[in-house]
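K.L.:
Got a structure here, written out as structure tokens. Questions coming.
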Amino acid sequence: MQYLSQILFILILGAGVYFFYRSINRIIRNIKLGKDIDLSDNKAKRWKNMLRFAVGQGKMTKIKPIAGILHVFVYLGFVLINIEVLEIIIDGIAGTHRVFRPVLGGLYDFSIAFFEILGLLVIISCIIFLFRRNAMKIYRFQSPELKGWPFFDANVILVVEIVLMVALIVMNAADRSFQADASMPVSSFLYPMFENMSDSSAHLWVQAAWWFHFVGILWFLNYVPYSKHLHIILAFPNTYYTNLDPKAKFKNNELVSNEVKAMMDTSFTPPTVENPRFGVKDVEDLTWKNLLDAYSCTECGRCTSVCPANTTGKLLSPRKVMMDTRDRLEEVGKIRDGVLPEPEQPKDLHTYITKEELLACTTCNACVEVCPININPMDIIVNMRQYLVMEESAAPQEWNMMFSNIENNGAPWQFAQSERANWAIDLENESKKDEN
Amino acid sequence: MKVRTYADYLAAGETPEILFWVGCAGSFDQRAQRVTKAFAKILDYAGVKFAVLGNEESCTGDPAKRAGNEFLFQMQASNNIAVLNGYGVKKIVATCPHCFNTIKNEYPELGGNYEVLHHTQFLQSLINEGRLKIKGGFYKGKKITYHDSCYLGRGNGVYEAPREVIAAMEADLVEMKTCRSKGMCCGAGGAQVFKESEKGKKEINTARIEQAIETGAKVVASNCPFCMIMLQDGIKACGKENDMKVIDIAELIAKAEDLID
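Top line first, the protein sequences correspond to chains A and B.
The opening position of the first sequence corresponds to residue 370 in the numbering used here, with each subsequent residue numbered one higher.
The opening position of the second sequence corresponds to residue 45 in the numbering used here, with each subsequent residue numbered one higher.
Next up, the structure:
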């Protein structure tokens, strides 16, 4: 019987880890569909960014302090309590019970007590989060792109986190060895539930809660790759690969550089490129960093809540840009894997993100600045805009006029280049007048 | 005063300390021309040997690039770089944060490497070096709010230089609800100023100017000719033309020093 539960444990653990491994491989494969970009420079600065923004949650408490602190509780709870998973795995495989307790002694009980307090904080935070999402009318959580699955997804995550923590606390509460010689700060409040129970019934409760927690964690592990919750893993690489240039610096399109160079210098022959494409038509035209951004996004909506276009009622929402990019990438991945058939109507990223949205961006960088894990929606927007203008010639008429003014007069308005320095002549005349 | 071109300097066998990049707005827009003149007067007053490119200056290509016309941008860039490198320009000061950003950040890869400063940074350095002595003046004790342009602020991390210049005039700086890295956009960037905005509930410049109105300041200090256009329009839309004005930092200094009316 004992061996049977150990074998069952190993089988469940193996299956859970295997399916998670497959999901992660699928995601890595999808991210690699993006264009290559070299971000291997400046390692020290990159580690620092990861420590500051992902590990240290540097922006969370600054942007929205209350939600930020609650998030830090859940984050710490998640990271630290998972140390206990190590013990669960050893216990499950070896058929032991609380294998670390005899080794660590007092430190063990202190750790469990500490985890209980963290667990309680996680529960409280998640309840507040559920309340904020469902009962309070916070626009960030009610906006159109969250309708349906994304809204449900957020609630699933919160409920599962609460349930997992409750299981952990019940497991401690039913544990006779804790009841006897240690008073746990949280689970001790549940002792009355188990007081009049036989030892074997109490032990059954411990076992049940232990298995529930273990299976729950594995289920959650396999839910995460399909969920916005993937940020708990990808926040780390994503902050490591943060853009280190000034935010207003747009990349120069090399394809164009070569063409311009060839025009200026007739001896220069640009390298031949198969199917050259200007700007971004579909997810494969984005860089892998853009795609990593899309998978890292947890749809919190801080970007959209500071977007000047969105807050004044325009259609553009940077969060939707990230969600659409991920949805389209998943779709492309599924078509490649044969899970989805080739669509009858050709689709690309522009099927998801419309011209009206793309044209509304002021490139103000507020979304980039505010993102707790440095996601860059603007980069996707401007490169899709480049495709619209350069490949589809879909610029608004006013922009076409601006382009031809720059081309012909060297200024976006219709003024003659020869009048460019007229202000200086004015200034000279004015100062002469003053002297007289 | 006489404004000299780079060619004038070279003809006289001299090298100017800086190239003043005027920009299209500064050259042609009537309101922005006043900023250009004010900055030129300050440079003259502080004894800075500055040159302009005059009719050889051309659009940096910023609006084309932000609007997605990369080809036009790079054509403009390579022409400008040819002119700048031809004169051997080393240091550029721009009164427009868009020109500043483009030349500083996007030209180097295309062969244009210069030290590039925004005029508020250069004014700060003139004050710090004692070349421009500011003691209070016209704006002393007056309430001023400052609008961070996106391309100088978030885009390039310059938040303090303009504020220190305002502090040198001993003005009473009151911040808006959103400022510095959280500062709200005026609505002009990304080539928006060259087209009608998309359908929405409100114009961005109106939303921003409402934040300025809340401060009770009569002066909105700006550092960008496009913010200036947008914010002034916002003031008009709110019916506050008689109560508030948008004034560039260079104009504030010129006024404080009695160089302009």
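C-beta atoms are modelled at their ideal positions from N, C-alpha and C, and glycine is treated no differently.
Where K289 of chain B and A69 of chain B are concerned, what is the direct C-alpha to C-alpha distance, given to the nearest angstrom?
P.N.:
Distance between the alpha carbons of K289 of chain B and A69 of chain B: 18 angstroms.
K.L.:
Check this for me: beta carbons of N399 of chain A and L590 of chain A, under 7 angstroms apart or not?
P.N.:
Cβ atoms of N399 of chain A and L590 of chain A: not closer than 7 angstroms.
K.L.:
For V737 of chain A, which of A:S762, A:E725, A:C676, A:F772 has the nearest alpha-carbon?
P.N.:
Looking at the Cα atoms, A:C676 is the closest of the given residues.
K.L.:
Using DSSP's beta-bridge definition, name the partner residues of H162 of chain B.
P.N.:
Bridge partners of H162 of chain B: B:A138.
K.L.:
For F558 of chain A, return the contacting residues in chain B, with the cut-off set at a CB-CB distance below 7 angstroms.
P.N.:
What F558 of chain A touches in chain B: nothing, since even the nearest Cβ is about 43 angstroms away.
K.L.:
Across the stretch 222-230 of chain B and the stretch 261-277 of chain B, are there enough close Cβ pairs to call them in contact, namely three or more that are closer than 8 angstroms?
P.N.:
Output reads yes: the stretch 261-277 of chain B touches the stretch 222-230 of chain B.
K.L.:
The alpha helix (DSSP H) spanning L718 of chain A covers which residue range?
P.N.:
718-721 is the span of the alpha helix (DSSP H), which, as asked, contains L718 of chain A.
K.L.:
What three-state label does DSSP hand L590 of chain A in the structure shown?
P.N.:
Correct three-state label for L590 of chain A: helix.
K.L.:
Note down the Cα distance separating G156 of chain B from V625 of chain A, rounded to an integer number of angstroms.
P.N.:
If I take the Cα positions, the gap works out to 17 angstroms.
K.L.:
Are C740 of chain A and C672 of chain A touching if we call contact CB-CB under 7 angstroms?
P.N.:
Yes, they are a contact pair.
K.L.:
Does the beta carbon of V809 of chain A sit closer than 7 angstroms to a beta carbon anywhere in chain B?
P.N.:
Because chain A here runs from 370 to 805, residue 809 of chain A falls outside it and cannot be looked at.
K.L.:
On a CA-only basis, which of B:V160, B:D192, B:I257 is nearest K226 of chain B? Give me that one, please.
P.N.:
Nearest of B:V160, B:D192, B:I257 to K226 of chain B, Cα basis: B:D192.
K.L.:
Would you please verify whether the beta carbon of E797 of chain A is less than 7 angstroms from any beta carbon of chain B?
P.N.:
Judged by the 7 angstroms Cβ criterion, E797 of chain A is in contact with chain B.
K.L.:
Since K616 of chain A meets chain B, which of its residues come closer than 7 angstroms, beta carbon to beta carbon?
P.N.:
Going along chain B in sequence order, the residues near K616 of chain A (Cβ under 7 angstroms) are R198, G199.
K.L.:
Residue range of the beta strand (DSSP E) that A95 of chain B falls in?
P.N.:
That run of the beta strand (DSSP E) goes 94-96.
K.L.:
Under 7 angstroms between beta-carbons, which chain B residues line up against L655 of chain A? List them in chain order, please.
P.N.:
The premise fails here: L655 of chain A is roughly 15 angstroms from chain B at the closest Cβ pair, so nothing lies under 7 angstroms.
K.L.:
In this structure, what does DSSP give as the bridge partners for L217 of chain B?
P.N.:
Partner(s): B:I188.
K.L.:
Taking CB distances under 7 angstroms as the criterion, tell me whether E114 of chain B reaches chain A.
P.N.:
Answer yes: the Cβ-Cβ gap between E114 of chain B and chain A drops below 7 angstroms somewhere.
K.L.:
If the criterion is Cβ atoms closer than 7 angstroms, does the pair V96 of chain B and V47 of chain B meet it?
P.N.:
Yes. Within cutoff.
K.L.:
Using only the alpha-carbon positions, how far apart do V263 of chain B and M632 of chain A sit?
P.N.:
Going from the Cα of V263 of chain B to the Cα of M632 of chain A covers about 48 angstroms.
K.L.:
For V535 of chain A, report the span of its alpha helix (DSSP H) as first-last.
P.N.:
V535 of chain A -> alpha helix (DSSP H) spans 518-542.
K.L.:
Take the Cβ of F64 of chain B as the centre, count every other Cβ of all protein chains shown within 10 Å, and call the residue buried at 16 or more, exposed below.
P.N.:
With 16 or more Cβ atoms within 10 Å of its Cβ, F64 of chain B is classed as buried.
K.L.:
Assuming contact is defined by CB atoms lying nearer than 7 angstroms, are N778 of chain A and Q766 of chain A in contact in what I supplied?
P.N.:
In this structure, Q766 of chain A does not lie closer than 7 angstroms to N778 of chain A by Cβ.
K.L.:
Could you check which residue in A:D407, A:G461, A:A542, A:E530 has the C-alpha nearest to that of A482 of chain A?
P.N.:
Measuring from the Cα of A482 of chain A, the nearest candidate turns out to be A:A542.
K.L.:
Starting from D88 of chain B, trace the alpha helix (DSSP H) both ways and give me its first and last residue.
P.N.:
Start and end: 74-89.
K.L.:
Kindly indicate if chain A contains any beta-carbon less than 7 angstroms away from that of Y131 of chain B.
P.N.:
Chain A contact via Cβ: absent.
K.L.:
For C669 of chain A and K683 of chain A, I'd like the C-alpha separation in whole angstroms.
P.N.:
Between C669 of chain A and K683 of chain A, the C-alpha separation is close to 19 angstroms.
K.L.:
Would you say T732 of chain A reaches chain B, if we count a Cβ-Cβ gap shorter than 7 angstroms as a contact?
P.N.:
Closer than 7 angstroms: yes.
K.L.:
List the residues that DSSP assigns as beta-bridge partners of R48 of chain B.
P.N.:
Partner(s): B:A95.
K.L.:
What is the rounded straight-line gap between the Cα of V708 of chain A and the Cα of A504 of chain A?
P.N.:
Rounded to the nearest angstrom, the two C-alpha atoms are 38 angstroms apart.
K.L.:
Please report how far the alpha carbon of E760 of chain A lies from the alpha carbon of K650 of chain A, in whole angstroms.
P.N.:
In a straight line, the C-alpha of E760 of chain A is about 9 angstroms away from that of K650 of chain A.
K.L.:
Label V528 of chain A either buried or exposed according to how many other C-beta atoms from any shown protein chain fall within 10 Å of its C-beta, with 16 as the threshold for buried.
P.N.:
Exposed, since its Cβ has fewer than 16 Cβ neighbours within 10 Å.
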